[in-house]
Amino acid sequence: MSRLIALVKREFWENKGAFRTTPLVIGGIYIVLTLMFLITFNHFDNEFQSLKELARFLSQTEVGLRSEIIYGVTIAVFPGLFTLALGFVVFFYLLGSLYDDRKDRSILFWKSLPASDTLTLGSKLLAAMVVAPLIFWVVYVLTQIVIMLIISAVVASLGENPWTLFLSLGSPFKAWSMVLLSYLAQSIWALPLYGWLMLVSSFAPRIPLLFAVLPPVVVAVLQIWIEFLQTFTLKKNLFGVIGEWFANSPLILSADNHGDDKLSVSLGIPLTDTFGHEVTVGNILDRLFSTHMLIGLAVAAVFLGTALWLRRRATES
Amino acid sequence: MNNVIEARGLTKRYKGTVAVDNIDLQIPSGRIVGLIGPNGAGKTTALKAILGLANYEGELNVLGKNPAKDRAALMEDVCFIADVAVLPRWIRVWQLIELTENIHPKFSREKCLQYLESTKITLDHKVKQLSKGMVVQLHLAIVMAIDVKLLVLDEPTLGLDILFRKKFYTNLLNDYFDEERTIIITTHQVEEIEHILSDLIFIQDGRIALNCSMEEVQENYVELIVAPDKAAAARDLQPLYERELFGRFIFLYKNSNREQLKALGELHTPSVADLFVATMSGGIA
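Shown next as structure tokens:
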């Protein structure tokens, strides 16, 4: 156990920039934008006159609706940049996870330690599935708290009560837990992708990105072409499978619903009705205990097993 | 005798070429073995098999374990420096120490810090900020602080200046080696390690060309230096190898009558380098 923790720590040390600095920068951007917004308002608008109006207007809207909007913003809009960046960070982290130390030959040092290849692979997977999402989540929550404090101070200075205006609404703890649950569920849902990236990382002689992207593209294009030749139609192919898999993911996404001003928040993208897309714990668990997930886990196991097999042989020549 | 390494029929093929060819080998504990051979002779391949870094055919037993199956368990009792500067470049010295401490049950932080005290390396240094020599010093400090039974050094001092190299081997001998441990070293700078070795193994084309202790070298091999007029007489005594140096002839003999040789010229114990050259040119096998 202590070995596993030590190895996970090593992943964090090596990837501090991606795992820690990235979310901190995003949080910083959010906070700076908030301050800039307030300063701009103040600049064109003596003593926050219209901001005061806005606060007064908001305080008169229906509490239920206000609460719903605040909740939606907390679970979907606000984490947006964090979620996007987390996706990129994990993608490139896994792509380099079994490649970088082969490239700089430090694998010879890692292999001189009494840690099995299985443990090493596990530590890297754990870093991608748990450590990175957890750090991003903590920074997201902290950023939101800081911004709520800033806005509360401004609102209070305008003579409104921030507590009744928004602090007491939108069940932030529920929203934050939902985001955390969604992140961790996504880690499991995305295992086939993670497994594929680690597999590529374990054998690519160079440019792992190319080896990760090219094979699925070639397969899908061939599928589409053959299908087209045979039936003159464009049916299901690898692109479709991957797209559907992403659309069914337990990630909380938000979209501007056909310009009707109502924010739509959903789990994944509601293209098919295989799974419910409303953001509920039930719908998230539904995905994790589905046949889809089972197939996904089987695919992931094959990829990860092969990656492990290749890792054992990585020092052959 | 307690053997650290036992190999029978150890063979390694790479796509048609045989890198290690049916080697039988026993290395007892408490020895310092020099594994010497030309480039591509199969030294590194053999070591990789011993360290569980590559698959092989044949039987191999290192400290009672099968390296191909139990690399992780084996590494609790074996340490290796497989090449110069393979420490991860991004890591800081304190991180490296903490990591090794948490993963290696036989690592002593105090010992490691003690070795580092005599260097210019600080705990906050990143490996990439260190010079090549300092990286090797750091690696050696880590390795020497681990209480293992077998230490394998594959070209540990390649590309380092003579001061570093000398210090490296002095530290190794004075602060690390004892009767319980075994060290295997490969290097091209044979003359620098010959005085610390207890055993010699020459490898050529994947086979063992010579395997003997340094005492056996002294007992069995002798070099004779003669003036040109005695060269023909010396040649009649079936030398293994001959060469010419500054107009004098040097002959290498195995198990020959020293009294007889003495009459012809000066006798010396051959250096490992000379023995190596003689072996590789086919004289001894």
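So the protein lines, in turn, are chains Y and G. Here the numbering used here is used: the first residue of the first sequence is 1, the next is one more, and so on. Here the numbering used here is used: the first residue of the second sequence is 318, the next is one more, and so on. Even glycine gets a Cβ: it sits at the ideal position worked out from N, Cα and C. Values in this document were obtained by computation on a predicted structure and should not be read as measured data.
Check	Outcome
Using a Cβ-Cβ distance cut-off of 7 angstroms, determine whether G:L374 contacts chain Y.	A small fix is needed here, since residue 374 of chain G is Glu in this sequence, not Leu. No, because no Cβ of chain Y sits closer than 7 angstroms to the Cβ of G:E374.
Report the three-state DSSP secondary structure of G:D516 (helix, strand or coil).	strand
Decide yes or no for the touch test of the stretch 421 to 434 of chain G against the stretch 473 to 481 of chain G: beta carbon pairs closer than 8 angstroms, at least 3 of them.	no
According to DSSP, is G:A324 part of a helix, a strand, or is it coil?	strand
In angstroms with no decimal places, state the Cα-to-Cα distance between G:I601 and G:L380.	Bear in mind that a pLDDT of 49 at G:I601, under 50, signals an unreliable position, so the model cannot answer this.
Excluding five sequence neighbours on each side, which residues of the same chain lie with their C-beta closer than 6 angstroms to the C-beta of G:H442?	V410
Just verifying my parser: in three-state terms, what is the DSSP assignment at G:A602?	The pLDDT assigned to G:A602 is 41, lower than 50, so where the model puts this residue is not dependable, and the model offers no usable value.
Where does G:L404 land, buried or exposed, given buried means 16+ other C-beta within 10 angstroms?	buried
Can you give the Cα-Cα distance for Y:A175 and Y:T34, rounded to whole angstroms?	21 angstroms
Based on Cα-Cα distance, which residue from G:V395, G:K360, G:I520 and G:K547 lies nearest to G:E561?	G:K547
Please name the residue, chosen from Y:L251, Y:N283, Y:D286 and Y:Y99, that lies closest to Y:I269 on a Cα-to-Cα basis.	Y:L251
Can at least three beta-carbon pairs, one atom from the stretch 344 to 362 of chain G and one from the stretch 509 to 523 of chain G, be found at a separation below 8 angstroms?	yes
Please say whether Y:I75 and Y:V179 have beta carbons closer to each other than 7 angstroms?	yes
Which ranges does the alpha helix (DSSP H) cover as unbroken runs of at least 4 residues, wholly within the stretch 145 to 206 of chain Y, from first to last along the chain?	172 to 189 and 191 to 203
Do you know offhand how far Y:V73's Cα is from Y:S254's?	9 angstroms
G:K571 by DSSP, collapsed to three states: which one?	strand
When you compare the CB of G:A544 with every CB in chain Y, is at least one pair closer than 7 angstroms?	no
Do you know how far the Cα of Y:L121 is from the Cα of G:L384?	It should be pointed out that residue 384 of chain G corresponds to Pro in this sequence rather than to Leu. Cα to Cα, the separation comes out at about 19 angstroms.
Does the distance between the C-beta of Y:A300 and the nearest non-hydrogen atom of the ligand NAD fall short of 6 angstroms?	Looking at this structure, you won't find the ligand NAD or any other ligand, since it has none at all.
So what does DSSP say about G:A363, is it helix, strand or coil?	helix
Indicate whether at least one CB of chain Y lies closer than 7 angstroms to the CB of G:E540.	no
Helix, strand or coil, according to DSSP, for Y:T306 in the structure here?	helix
According to the neighbour-count rule (16 or more other Cβ atoms, all chains shown, within 10 Å of its Cβ), is Y:F88 buried or exposed?	exposed
According to the Cβ coordinates, are Y:A247 and Y:V155 closer than 7 angstroms?	no
Need the endpoints of the alpha helix (DSSP H) that G:A399 sits in, please.	Here G:A399 belongs to no alpha helix (DSSP H), and DSSP marks it neither H nor E.
Output needed for Y:T272: all residues of its chain with C-beta closer than 8 angstroms, excluding positions within five of it in sequence on either side, in chain order.	E244, A247 and N248
Does DSSP classify Y:V279 as helix, strand or coil?	coil
Between which residues of its own chain and Y:F203 is the CB-CB distance below 7 angstroms, once the five residues before and five after are set aside?	L310
Taking DSSP as the reference, what is the three-state secondary structure of G:Y373?	coil
For G:M392, which residues in chain B fall below 9 angstroms Cβ to Cβ?	As a matter of chain content, chain B is missing from the structure shown, whose protein chains are Y and G.
Please list the partners that Y:S106 has in chain G, where partner means a Cβ-to-Cβ separation under 8 angstroms.	V403, L404, P405 and R406
Please return the same chain residues whose Cβ sits closer than 8 angstroms to the Cβ of Y:S171, not counting the five positions on each side in sequence.	S67 and Y71
If we define contact as Cβ-Cβ less than 7 angstroms, is G:I601 a contact residue for chain Y?	Because the pLDDT of G:I601 is 49, which lies under 50, any placement of that residue in the model is unreliable, and the number read from its coordinates should be weighed accordingly. No, G:I601 lies away from the interface with chain Y (no Cβ there is under 7 angstroms from its Cβ).
Any idea which residues DSSP pairs G:G351 with across the strands?	G:I502 and G:L517
At which residues does the beta strand (DSSP E) containing G:R524 begin and terminate?	R524 to S530
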